[in-house]
């Protein structure tokens with residue numbers, strides 16, 4: 051399964067809204083500027099998120115978008131499914147050997163588990179700095 055720019059930028063929008071949660075509406079223009087993205091493309095992505103009820107639009111001079119729910123109640127899986135469709139890294143074939151079919155289903159379930167157990171709050175408050183050293187090998 052490859053997450054396209056739809057999913058990536060959709061997560062970017064939602065993380066930006068989660069970071070500003072409770073501070074009022076955020077404009078797509080400010081998100082686009084902050085992340086060096088096309089405002090026009092973000093407008094295309096926000097529509098399905100709004101239609102699915104994950105964000106609300108606020109009209110007016112100081113309008114923009116806010117999360118429709120708490121960041122802890124929205125998962126990465128919710129966002130990816132809306133923008134990318136069903137989460138299925140490998141198509142499971144009925145006529146495949148049972149061992150391979152079981153492997154594909156385990157992979158699918160593991161990906162779903164990670165996406166469905168990672169909230170917007172987790173992503174918005176993530177502080178991964180310093181973890182990079184754990185993968186460095188010094189000689």
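Residue numbers (the working numbering): 51 to 189.
Glycine is no exception: its CB is placed at the ideal position from the N, C-alpha and C atoms.
C-alpha gap between residue i and residue j, whole angstroms
i: residue 156; j: residue 145; result: 17 Å
i: residue 128; j: residue 120; result: 13 Å
i: residue 83; j: residue 149; result: 48 Å
i: residue 117; j: residue 152; result: 37 Å
i: residue 102; j: residue 161; result: 22 Å
i: residue 143; j: residue 124; result: 31 Å
i: residue 89; j: residue 147; result: 47 Å
i: residue 159; j: residue 122; result: 21 Å
i: residue 63; j: residue 163; result: 22 Å
i: residue 177; j: residue 110; result: 34 Å
Nearest-angstrom Cβ-Cβ length linking residue i and residue j, presumed shorter than 8 Å
i: residue 66; j: residue 81; result: 5 Å
i: residue 93; j: residue 78; result: 6 Å
i: residue 165; j: residue 68; result: So it is not a contact: roughly 16 Å between Cβ atoms.
i: residue 175; j: residue 126; result: No, residue 175 and residue 126 are not in contact; Cβ-Cβ is about 14 Å, not under 8 Å.
Proximal residues to residue i (C-beta, below 7 Å), its chain only, five neighbours per side dropped
i: residue 133; result: 56, 57, 60, 95, 98
i: residue 154; result: 140, 142
i: residue 170; result: 64, 65, 68, 121, 124
i: residue 86; result: none
i: residue 72; result: none
Residues that residue i bridges to, as DSSP identifies them
i: residue 117; result: 105
i: residue 125; result: 169
i: residue 76; result: 115
Residue range of the unbroken alpha helix (DSSP H) whose run includes residue i
i: residue 87; result: Careful: residue 87 lies outside any alpha helix (DSSP H) and carries neither H nor E.
i: residue 62; result: 55-69
i: residue 135; result: Counting along the chain, residue 135 falls outside any alpha helix (DSSP H), and DSSP gives it neither H nor E.
Own chain partners of residue i with C-beta closer than 8 Å, once the 5 adjacent residues on each side are dropped
i: residue 76; result: 66, 67, 70, 114, 115, 116
Same chain, Cβ closer than 6 Å to residue i, neighbours up to 5 away in sequence not counted
i: residue 74; result: none
i: residue 106; result: 116, 118
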